[in-house]
Amino acid sequence: MSKWTIHATAASGLEAVVKRECEKLGLGPCRVEDGHVLFSGDATAIMRANLWLSVADRVLVECGRFEATSFDALFDAVAAMPWADVLPANAAFPVQAKTVRSTLASPSDVQKITKKAIVRAMQRKYALEHFPEDGPRVPVDVTLRRDQAIVTVDTTGEGLFKRGYRQHKGGAPIKETLAAALIDLSVWTPERDFADVFCGSGTLVIEAARKAKHIAPGIDRTFLFQEWPWMDPTAFRDLRREAFGAIRTHVDGRFLGTDIDLRMVDIARKNAQDAGVDDVVRFVHRDMREVGLAESFGVLITNPPYGQRLAPEEGVATLMRDFARRFFALRTWSLYVITALRDFETLAGREATRRRKLFNGGEEATYYQFLGPDPRQFRA
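Below you can see the structure in the form of structure tokens.
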């Protein structure tokens, strides 16, 4: 099959960001559907999406969709799908299922019926009674939502937030995909300075620097589809070679991360080296209250500590007031803060220009945006 319906899955609140990213990559036209961004494409599009998407969670290929209000209907529809186009005879194809407001309400039963139906289709194609499942892994997902079933296979493997560079972590690190989304939701552009004054393991700063250097998010990792016989390994090698050739060696903006924890600063530096951006980023061991930023129309994006992430002697109210006093005094910077603190604006003493509800580590959070002046207004 040369054309597929491809799904780039998106975390809640980030569907529009993933849609823009897909279309920028030439993967459109796209539509959004229940946390998925859908577009039509061939095997090359699957490869390109995995290699270049920075905010999506994973890339799925749709095998079919249909109404299913009985297990017989589910079995027949799945068994009729062209599974031999996707699964070699020795494929390992674990099945997972989810049901939402559907007549078939038991995920375990849906999973079992789907597995049996796939086996039946494979038996017809390969004339085998049993399948060893010791070959390429092709995970199958079946989701029933209001009696509408969608069957997909996962081309990614480990989630796309696994860039391959963050071998060292601290406590409660922000996911790379969320960090990329926060950057894309800001006014930052590669020629503007970037800072994070609670940098932790450095993810936000590193993701911004990789965007500035035009480093493909998936360039340092592998994907499930690379094991599949119907995916051309030469085509993917060419795409990766093209991605390496697109990396910029010079960037205009400066990238600074600071943290009060020396151990975290050391981790951030190691991560930056593994990420290929240690030549353009700077991580400094420094209390946030002692960080000085030059008036440069820069962008500060940060995920400040709160609750258990605070040092025992630190009070959240004091910390946020000190943060506001230090950085809201900057006249040309735009400030962005993601936090689960519901009274952040009260503590900071300023109302945000914009707010956006997101999820950080499974916890609902708000992305507060305090916009500074547009530097284009000051150019001659």
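Read in this note's numbering, the sequence shown has 103 at position 121, and its numbers run on one by one without any break. For each residue, glycine too, the CB sits at the ideal point set by N, CA and C. Predicted, not measured: the structure shown is a model, and the values here were computed from it.
Check: Burial state of G8, where buried means 16 or more other Cβ atoms lie within 10 Å; Outcome: exposed
Check: Pair within 8 Å by beta-carbon distance, V68 and V101; Outcome: no
Check: According to DSSP, residues forming a beta bridge with V124; Outcome: A79 and V133
Check: In DSSP terms, what N253 is bridged to; Outcome: None; N253 has no bridge partner.
Check: A347 beta carbon less than 8 Å from that of A330; Outcome: no
Check: Selection from D256, G239, A276 and G200 that minimises the alpha carbon distance to V30; Outcome: The sequence shown places Arg at residue 30, not Val. Considering only alpha carbons, the answer is G200.
Check: Buried or exposed (CB count within 10 angstroms, at least 16 for buried), A276; Outcome: exposed
Check: Reduced DSSP secondary structure (H/G/I, E/B, other) of W(-14); Outcome: strand
Check: Top-ranked residue by Cα proximity to D39, from T240, A191, E3 and W(-14); Outcome: E3
Check: Per-residue burial, E173 [other beta carbons within 10 Å of its own, 16 or more giving buried]; Outcome: exposed
Check: Residue of A257, M246, P287 and R127 minimising C-alpha distance to H267; Outcome: M246
Check: R47 (DSSP reduced to helix, strand or coil); Outcome: strand
Check: Local Cβ density within 10 Å of E295, reported as buried at 16 or more and exposed below that; Outcome: Because the pLDDT at E295 is just 44, under 50, the model does not fix this residue reliably, and the value given afterwards should be weighed accordingly. The residue in question, E295, is exposed, as its Cβ has fewer than 16 Cβ neighbours within 10 Å.
Check: R203 beta carbon less than 8 Å from that of G239; Outcome: no
Check: DSSP three-state assignment for S52, whether helix, strand or coil; Outcome: coil
Check: Range of the contiguous beta strand (DSSP E) that encloses Q149; Outcome: Careful: Q149 lies outside any beta strand (DSSP E) and carries neither H nor E.
Check: Pairwise C-alpha distance: I320 and L353; Outcome: 14 Å
Check: R236, DSSP secondary structure in three states; Outcome: coil
Check: Reduced DSSP secondary structure (H/G/I, E/B, other) of P294; Outcome: Annotation note: pLDDT 46 at P294 (below 50); position unreliable, no value reported.
Check: Coil, strand or helix - G(-5) by DSSP; Outcome: coil
Check: Residues of its chain near F226, where Cβ-Cβ distance is below 8 Å and the 5 sequence neighbours each way are ignored; Outcome: I201
Check: Sequence-distant residues of its chain with Cβ nearer than 7 Å to S(-16) (five each side left out); Outcome: D24
Check: Buried or exposed (CB count within 10 angstroms, at least 16 for buried), S36; Outcome: buried
Check: Distance CB(V259)-CB(A191) smaller than 8 Å; Outcome: yes
Check: Q351, buried or exposed, once every other Cβ within 10 Å from all chains shown has been counted against 16; Outcome: buried
Check: Boundaries of the beta strand (DSSP E) in which G23 is found, first to last residue; Outcome: H18 to G23
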